Each structure stands twice: as structure tokens, then as C-alpha cells.
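K.L.:
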Amino acid sequence: MGYRPPLPPPGASPGFRPPRPNMSSPVSPVSHPGLPPNARPGFVPSQQRPLMRPQSPAISPAIAGSPVASPSTVQATPVSPSIQHADHHRKKRMYPEQITKAYSGEVPLSPAYPPQQQAYASPAMVNSQQQPQFISPMGAQSSYPQQQQQQQTYGQPQVANVGYNTYSQDPVNQMTSQFGNMNVNPAAVLPAVPLLGARPQIADIENTGPPVRLPPNISVTDSLFVNADPSYQCSTINAIPATESILKKSRLPLALVLAPYRTSKEGDEDVPIVRDSVIARCRRCRTYINPFVTFVEGGQRWKCNMCFLLNDVPAAFDYDSQTQQPADRWKRPELNYGCVEFVAPTEYMVRPPQAPAYVFVIDVSYSAIQSGMLATAARTIFDSLERLPNDENRTRVAIITVDSSLHFYKLNSDINEPQMLVVSDLDDVYLPSPSDLLANLSESIQSMKILLEKLPDMFKDSVNVNNALGAGLQAAFKMLSPTGGKIICLQSTLPNTGTGALKPREDVKLLGTSKESTLLNAASPFYKSFAVDCSRSQVACDMIIFGGQYSDVATLSCIPHYTGGQTYYYPGFNASRTEDAIKFAHEFSELLAEQIGLEAVIRIRASRGLRMSAFHGNFFIRSSDLLALPNVPRDQKYVVEVSMDDDLKTPTVCFQTALLHTACNGERRIRVVTTCLPVSSSISELYASANQQAIAAYLGVKAVERGLTSKLDDARDAIVNKVVDLLGVYKTHVLGSGQGSTPQLTVPDNLKLLPLLALSLIKHDSLRQSSQIPSDMRSNAMNILNTMPIQLLIPYLYANLYSLHNMPPEAGEFTENGITFPSTLNLTAENLEVHGCYLLENGQNMYLWVGRGVVPQLCVDLFGVKSYEDLKGGKITLPILETPLNRKVNNLVGKVREMRRGNYHPTLYLVKEDGDPYLRLWFLAHLIEDRTDNIMSYQQFLQHIKDRVSSASF
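Count the sequence shown with UniProt numbering and you get residues 1 to 954, in order.
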């Protein structure tokens, strides 16, 4: 009949199911076995409802008058069934502007677009539009409203605002819209945002991409969650081109950005778990049943949404094994949620699920002892033993300490004191007591604690400067290879003895030159070949590197890269600094407590005509489309490039990621993430659906790949070229401006911050043109850029800057929605007042910038010192004082450290305006919109892009 139930009212619960109307229109009787007389096909007598929801013919999103219910369209106005049915088969002419509105919805674009989607983990912000704005004496904008009499003022007198926050519509854009209504120049219909001469609208930088607009009745249920949350899986464009020629003409990248095993924060929906072992899959393409399949033949069979093969519905699909009663099919999680997790039956197991096993390989050379790394690591492991995943008391642990020899420890429960066994033969590594080294954690926890307490004293007088890391890794592999597990390596010295020995190769003359890439690739083939062997045996490796001196991060990070592990780097670590010890202990403890996935493989399937062509992230590619991960860490990003092999004939396409893994509790599980996207033949619609955050993530991993295989100059040029391509195609084929110069550089609203994110990539430590970035720091930045999920990546690229000396009264205070943050400021020195104090954070580090003209009262209230001269720059811990300002800033710092996913614990630095030059340059390097060294400012970058666009043909 083409009926689609009305959308849920605002505020409806996630499981809302609207009542079905009494369809009293005449229906021809159909004889069907097992049905009452005159019953409709698909009618279930016990449920008194249709087994299938009637499907209407799918229509293109470009002409869909009512988009499918989704989290982004909850507020949509319900369409009555009668009206929808009456208009369903009528062909109505629509003008180009109407087509665009039909795709992007009737909600007007605003700085908070899209209105229904809120960026993850965004703290409550003071509404800058409702607060009076001020200009500082230096001409910089401040977000501080007029002070209440009782509010302490730390700034100078303010003057009236001249209006730098809002944008007026460009006259060219107004004329374009008028011509679009007249059907003149029909390509120029998308809302365009002028960039030149205006500050970027950073309030929108963490907004997710445009909502997905699907045709009506494309899913079998009316759930709001049929498409997976974008934090699990999203595409660079939310509409897929119908042909490869359209994709090439648009020059938009087509890729998926995945984080299938992300952690859940407070307020997140838990992933539904299907425990009845009923897993319906397509017989041909092996797609898992999902909300976008079609039930036919009275619900007895289902049509695969990938390859369209008809499959039988499992006999137990409509049966509840727990209650021993028939079940409502439409309540099954796999038909209502785009992200579900199945508890896999035995046929998904090659062997019994492995128990978690951890082998700690700890450097005990002279530098590890002197820096305090050994003592801090031993204490953190001691405190975290109860936090290790240990369901059913199956977890096993071992410790190997390494200098010029290998030291093993027997930890059996039947001995009172751990026994040390020393192996000095590094050429032929063997296990001195194979059965006693890897001990059950629950049984040997007391022996383990005794060893960890004594470990620092055992080596406190050592002056051994050698380290045989390669031999230690081989010994750990021998322990774990029969069952699999994880090696956690804590390394403070460059390996210089035995297998895998490395030599210092840092050459400051190469930094910032075209030959710098040679320092960023592995120096020894041993580590990659060792990683491949580990991957085959389901052994993962995390590398934790302490950089008191050159550590060759580029080489050591090879092992985590190919085994699904993680790399942590602590440059200049010194445990005598409280801030260093706390940061490492927090991150290491969280790493040990992670509920990881073991023995994992990932496969991404797509509709006919689409193919996965390239993969980026930490894994080993076992076959053309199978990614092997001995360990699946939480909050890791994977980017998958998609190619088109054939034209798309359907109105929608689907992508499905399946992650088969063993949970820490021993269950074999399959996490299935499904995304459905519309197909379009319009370049305008493709640009209207582009996701600037996903594109930035894609550009980042491609730039890292290009920088390692070629030169960093080529990586930076590739980013610029892609931005030029996108804005050039938009200007030529969407706005219809043709070739030649134009007075303004315009972009679609959903891509208005892409040039800013591109410039942030170019100025990032991984790619920035500079001779001041050590190769270890650059390699670590590349590793982070490759693996950090989008929700953490955006603030990592473009940091948040807050003014503290003139915060509104409610900023820094607890409310029912959490801590309220001040409005963010643009990253430019124009916003830094000489008497100001600012907090800048990017999720990795925090900086308190204090201007040299700061008033003494602020120093007293915030730092507990009398004046600016008494402040000391560097890593600090804010004191706890009985002042409102100190309490508020401590609240903000604490919230920054806990509000995002991941294990990171940002360090707080105090930066004085005329203090340590290195700290000052480090802070100023985050001011993306300013010119730094030989890198353009934001406005210069825009002008460069505009000149390139004007001179090229598209």
C-alpha cells in the first residue's frame, strides 16, 4: 500500500513504535496456507499484525518528500498515510533548488547545523550568540559578557563589539539563489559560504556531517537507529555517486572511517547483544541480516540488500529460547539497530577461545633506572593487577626484564619468593623453564606483587647501558605463540645489543629537508618480520617508549602497527617530576584495564559495484579484504578507501563491517556495523552530503602514507591539491561560475571548515615544514594521526582556546548538564591580550598562557603567587585554593582530562609570554590561523587556494 508509519513525536523513547492505523480499504482475499480466511499475506494470527511491513517503491533521496526517520530527523513533521499514498506515484517536476532542499531538508542552515546532531563529548558551552561580545584594547575579540558587580574582573576596560561573529550572505550567493529560483543556471543552488576576509566559524568544527537522507520505507522497521552511529562508521560522503564517472568528475574522496570497537561514555547507547545464537547470513555474500533487508514470501524468506539473493529465514528467528514462546520478529536487535553484537556459536571458532595473556618486557638498563621509569612502571602494574581483565580467573601473566641479558621469573603459587632465571645467550634465545614462566594471575598474584615491589631495588645499582630488546621480544613470543596474547614492552633505551640492535641515526641536517622521510621509516627489517610472525600466532604488541634521548620511534612502532597494538611515547620522561609520573601511570593503568578484543578479523562488505581498495590503520592484511588483528584496542580508527567497479542501479547502497573477536570473558563475538546511504547522480547532492570531518581524517592518513613513501613536501602538496580540486569542482559544476577569477572563495556550508582542517593538517607536527621537530616526535605524531578516531582527531588538529581572565559567571561551574565551558576562541594571536590568561587544549596537552601584563590579583587567585615574575613555566599542577577562579579553572582542567574517549591524560604546561622560548614557540605553533615560520596564515592559505582554483580547469 505504500504506507509508512508516522515518525515518532519529539522526545519519544528509542524503542517507540507508532500504532498502525486500521487499514480498512478493500483487500482482495488471498489463499495462503495456514492463514485465516481472507487474511492478507504475511499475517501472523498470534500477533494480530502483518509479518512484513508493507513496502513502497524506493525513490531517490532527491525527490523524497519525507526522509526516513533517523536520529537527525526526529523533529520531522509526520506525513499522513493518505497523503503519502495519494502522491506516491505522481511525477512532479521539481526545480533544482527544490531538489536540493528535498535532499538536505527544510531546516534552514545555521551555525549549529545540523540542528539535531551534536558533536560527541562536547561540554556545555556558553551561548556566544546570547552573550555581549567585546573587543580588547589590543583589538582582539573576547567572549566575556559585561561583568556582574560581584564577579571578579581580571581584564582591562572593554569597548563595544564591532561584530566579528556573524556572516552576512555574500551578494553573489544571494544572486545565485535568485537565479536558482528562476531555473537559470540550475547548477548554482547550494548555499555557499564566503571564506575570504572572514574568520572561520569554529563553533561548528565538532559538528558531525550532514544527516543521511534515505528514501521512505527503506528499512524493515521504524527504529531511529537502523543506521549505525557515525562514531562507529561513517563515509566521507553521505550520498554515493551512481557511476564512476560522476565520482571522478566530483573529485570527492570515497572512503569509510571506522572505529568499530570504541568505548562507551556516559549517555551513550550500549551496543545490543544477540545471545540466542540465531545468526542469519546470506548464503552467497555472507552479509549478516540487518535493517535494510527485505522479507518476501510471507516473511519466510529474506532478500539480501547486498547481492539480492533470496535466503530462508532461520526456523528459530521468531522464537524466544528463554521464554520458550514465539517472539516478535520486529523487536529483534539486528532489525532495529545498525550496530549489534552477536554471541557466536562454535562454528565461528577455529579453536577454543583463548584466555587473556600478558607478558611484560621491561627495560632495566641504566637510563630506565635513572629516569624512574622502572620504579613507576612496577608500581603501576602492582596497582593495576586487579584491573586486568580476568573473567573466570583465566588470565595469565609473565615478566621479562632486559638489559644485556634476559631475566625470567618463576611466579608459581607454590613458591614463596619469585625466582630469577638469567639467560645471557642472545643469539639462540630459549625459555629456561617453559611451564613455570607464564603463570595464572589469580593463583600467583601474591608472588607477582612481591616481585614488583622488589624489582626497582634489584637493579638500583646497575650501570649496564646495553639493551637486548630483540631477544626479549623473541622470548615473549615463544611464551605466547601456542595460545596468543599481548606483549607490553616498556623501553627507555635504544636497543643496542643482539638481534634487532639499532644505531642512533638522528641527523639534524636532514630535519626539514626532502630527505627527512628516511628518518621516518624503519631502520631494521627485523621488527616488521617479527610483527608478521606475531600476527600469524595471534600475538599483539604495545610499545611504550620513554625518550630521554633518541629512541627510533619510527622503527619500534612497526610492531604495534602490524599487530593491532598501540604506541605511547613519553619524551624527556623523568619520574621525579610529578606530572610525568602521573601522566604515565594514568595512561598505563587505563591501557592494562582495557576490555580488548582478541583473535580478531575485520571484513568490510558493500553492495554490488563497490569494492574496498585500500586500508589504513594498525593491522595486517591477510587477504584482499580481510584484516587480521591479534588485539583490537578500544578507540582505534581504520580508514578504508572504496572504489567503484560498476554503475549502481539501486536507490541505496550498504556497507557492513563485521568484527569477529574473542571478548575478555571468553565469548566469541561478532560486532556488525551497517550503514545505508542513498545513491545520487547529482554532483550538487554529493557536495551537499560531504562530511568534512571524515574527509580530514582521510586526508590525514593519506598524507602520512605519502610522507613515508615519498617526501613530506609531496604529502603537504597532496592535501592542498585535494582542497583545490574540491573547491574548483564546486565553483565550476555546482555554482556554475565557470573558469577564471572570482572576487570570493566560496564553499558549501557543510565544507566551510575543510580548508581550516586542511591547513591544520599541514601545520601538524606530523607534516609541518620545520627543522625543529625531532624525528621521534614526528613519528609519534604520525602514529596518532593514523589511529585517532574522529571525535578525538578534530580537537587534536584544531585545539580549543578559552579565555580564563574574563570568563562568564557560569563558566567552570557544575550544572545539571556538567561543567560549563567558556566560548571557544579562534586560534590566532589577535585573541591573546597582554593582560590575559588562556587555556589551550588539544586532548594530548594543555597550555596555560599568561600574558606579561596580567594583573597581580589573578596570579594570587589562580596560582597562589604574588605576581607574574613569581610564575615558573613548564609542566605544572594547579594548586587547590579557596578562590572562585582557581576552583573554576581546576574544574575545567579536570573535565578536559575525562570528557573524551581514549586513555590519554593531557599534561598541563604553564607558558609565560616572555618565558621559555621553546615553550612559547610550542604554544604559538597551535595558532593555526597565524603565519608561522614559512607556513601561510589562514587568509593567505585561502588566497592561495583561490588563485589555484581560478587558474585551473575542472
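Glycine included, every Cβ here is placed at the ideal spot set by N, Cα and C. Remember, it's a predicted structure, so these values are computed and weren't measured experimentally.
Give me, in chain order, the residues of the same chain whose beta-carbon lies closer than 6 Å to that of residue 885; leave out the 5 immediate sequence neighbours on both sides.
P.N.:
Cβ within range, chain order: 861 and 862.
K.L.:
So, is residue 460 buried or exposed, given that buried needs 16 or more other C-beta atoms within 10 angstroms?
P.N.:
Its Cβ having fewer than 16 others within 10 Å, residue 460 is exposed.
K.L.:
Should residue 525 be labelled buried (16 or more other beta-carbon atoms within 10 Å of its own) or exposed?
P.N.:
Exposed, since its Cβ has fewer than 16 Cβ neighbours within 10 Å.
K.L.:
With a cut-off of 8 Å on the beta carbons, I'd call residue 901 and residue 791 a contact; round off their distance for me.
P.N.:
Correct: roughly 6 Å between the Cβ atoms.
K.L.:
In angstroms, rounded to a whole number, what distance separates the CA positions of residue 720 and residue 945?
P.N.:
Distance between the alpha carbons of residue 720 and residue 945 is about 8 Å.
K.L.:
Less than 8 Å between the beta carbons of residue 796 and residue 843, yes or no?
P.N.:
Yes, they are a contact pair.
K.L.:
With distance defined between alpha-carbon atoms, name the residue in 765, 773 and 684 nearest to residue 736.
P.N.:
For the residues 765, 773 and 684, the minimum Cα distance to residue 736 belongs to 684.
K.L.:
Hey, how far is the Cα of residue 714 from the Cα of residue 640?
P.N.:
Approximately 21 Å, taken between the alpha carbons.
K.L.:
With a CB to CB cut of under 6 Å and the five nearest residues on each side skipped, what residues in its chain are close to residue 878?
P.N.:
Same-chain partners within the cutoff: 890.
K.L.:
Report yes if the CB atom of residue 483 is closer than 8 Å to the CB atom of residue 354, and no otherwise.
P.N.:
Contact flag set, yes.
K.L.:
What are the complete alpha helix (DSSP H) segments, minimum 4 residues, inside the segment 468-506?
P.N.:
With a minimum length of 4 residues, the continuous alpha helix (DSSP H) runs that stay inside the segment 468-506 are 469-480.
K.L.:
Spatial neighbours of residue 712 within its chain, please: C-beta separation below 7 Å, excluding the five flanking residues on both sides.
P.N.:
516, 517 and 767, listed in sequence order.
K.L.:
From which residue to which residue does the beta strand (DSSP E) around residue 597 run?
P.N.:
That run of the beta strand (DSSP E) goes 597-606.
K.L.:
Please report the straight-line C-alpha distance between residue 810 and residue 202, rounded to a whole angstrom.
P.N.:
So the two alpha carbons sit approximately 21 Å from each other.
K.L.:
Leaving out the 5 sequence neighbours to the left and right, which residues in its chain are closer than 6 Å to residue 888 when beta-carbon positions are compared?
P.N.:
Only 812 meet the Cβ criterion.
K.L.:
Could you tell me which residues DSSP pairs with residue 1009 in its beta bridges?
P.N.:
Given a span of 1 to 954 for the chain in the structure shown, any question on residue 1009 remains unanswerable.
K.L.:
Roughly how many angstroms separate the alpha carbons of residue 937 and residue 818, rounded to a whole number?
P.N.:
When rounded, the distance between both Cα atoms is 35 Å.
K.L.:
Given a cut-off of 8 Å on the beta-carbon distance, is the pair residue 707 and residue 761 in contact?
P.N.:
No; because the gap between Cβ atoms is not below 8 Å, this pair is not in contact.
K.L.:
Give the straight-line distance between the Cα atoms of residue 959 and residue 899, rounded to the nearest whole angstrom.
P.N.:
Residue 959 is absent from the model: the chain starts at 1 and stops at 954.
K.L.:
Measure how close the beta-carbons of residue 673 and residue 338 come, nearest whole angstrom, since I'm counting them as under 8 Å.
P.N.:
Sure, about 7 Å apart at Cβ, within 8 Å.
K.L.:
Since residue 922 is in the alpha helix (DSSP H), which residue starts that stretch and which ends it?
P.N.:
Element bounds for residue 922: 917-924.
K.L.:
Are the segment 230-243 and the segment 675-684 touching, with three or more C-beta to C-beta distances below 8 Å?
P.N.:
In short, these stretches touch, since the Cβ pair count reaches three.
K.L.:
Would you say the segment 577-592 touches the segment 798-807, given that touching needs at least three Cβ pairs under 8 Å?
P.N.:
No, the segment 577-592 does not touch the segment 798-807.
K.L.:
Since residue 250 contacts residue 241 with CB under 8 Å, what's their CB separation in whole angstroms?
P.N.:
Rounded, the Cβ-Cβ distance is 6 Å, consistent with contact.
K.L.:
Assuming residue 907 and residue 454 form a contact by the criterion Cβ under 8 Å, report the distance between their Cβ atoms to the nearest whole angstrom.
P.N.:
Rounded, the Cβ-Cβ distance is 30 Å, inconsistent with contact.
K.L.:
Going along the chain, which residues of its own chain have a beta-carbon closer than 7 Å to the beta-carbon of residue 586, five neighbours each way excluded?
P.N.:
Cβ neighbours of residue 586 beyond the five flanking positions: 905.
K.L.:
Please check the pair residue 490 and residue 373, which I expect to be a contact at CB under 8 Å, by giving their CB distance rounded to whole angstroms.
P.N.:
With a Cβ gap of about 7 Å, residue 490 and residue 373 count as contacting.
K.L.:
Please report the straight-line C-alpha distance between residue 465 and residue 403, rounded to a whole angstrom.
P.N.:
Cα to Cα, the separation comes out at about 7 Å.
K.L.:
What residues in its chain sit with their C-beta under 6 Å from that of residue 881, if we drop five residues either side in the sequence?
P.N.:
The residues are 864.
K.L.:
Is the separation between the beta-carbon of residue 375 and that of residue 747 shorter than 8 Å?
P.N.:
No, these two residues do not count as a Cβ contact at 8 Å.
K.L.:
Along the chain, where does the alpha helix (DSSP H) that runs through residue 707 open and close?
P.N.:
Here the alpha helix (DSSP H) through residue 707 covers 692-709.
K.L.:
Starting from residue 621, follow its DSSP beta bridges and name the residues at the other end.
P.N.:
Paired residue(s): 627.
K.L.:
Would you list the residues sitting across from residue 949 in a DSSP beta bridge?
P.N.:
Paired residue(s): none; residue 949 is not in a bridge.
K.L.:
Can you give me the C-alpha to C-alpha distance between residue 4 and residue 217, rounded to a whole angstrom?
P.N.:
The pLDDT assigned to residue 4 is 42, lower than 50, so where the model puts this residue is not dependable; a value taken from the coordinates is nonetheless given after this. Each residue's Cα considered, the two are about 6 Å apart.
K.L.:
Is it right to say residue 342 is buried, meaning 16 or more other beta carbons lie within 10 angstroms of its own, or is it exposed?
P.N.:
Buried, since its Cβ has 16 or more Cβ neighbours within 10 Å.
K.L.:
To the nearest angstrom, how far is the alpha carbon of residue 883 from that of residue 924?
P.N.:
Distance between the alpha carbons of residue 883 and residue 924: 29 Å.
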